[in-house]
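Under my numbering, residues 1 to 99 are what the sequence shown spells out, in order.
C-beta: ideal position from N, C-alpha, C; glycine also.
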Amino acid sequence: MIWPLTTTSSLLVREKGKINSASGEKNKELLAACREFEAIFYQQLLKGMRSTVMESGWLDGGTGEDVFRDLLDAEYAKLMAEKNSMGLADMIYRQLSRE
């Protein structure tokens, strides 16, 4: 069966819309993964920076303080990644989303 040109072109437009929406979802997922990677990078950076600080015996909080500090660093890292402090996630996203 031969379809009229208008029907064929409308089918192509509809299929292209499906492809674009699917690739849009993948792009969102990729950007989210890049932001998560940036947050992990910041967390490791903060952890390394904290390891250079000398601790005094006067205010040692023990294991509880260590856990709190790790959680605090994780939140700081997440906020830094959300604010796009360094732009690392965007650079990784641009590199990975090239076609």
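The three-state secondary structure of T63, taken from DSSP, is helix.
If you draw a straight line from the Cα of E29 to the Cα of S23, it comes to about 10 angstroms.
No residue range can be given for R98, since it is assigned to no alpha helix (DSSP H) and is classified by DSSP as neither H nor E.
Non-local C-beta neighbours of A81 in its own chain, meaning closer than 7 angstroms and more than five positions away in sequence, comprise R35, E38, A39, Y42, A89, ordered along the chain. Counting the other CB atoms within 10 Å of its CB gives A77 a total of 16 or more, which places it among the buried residues.
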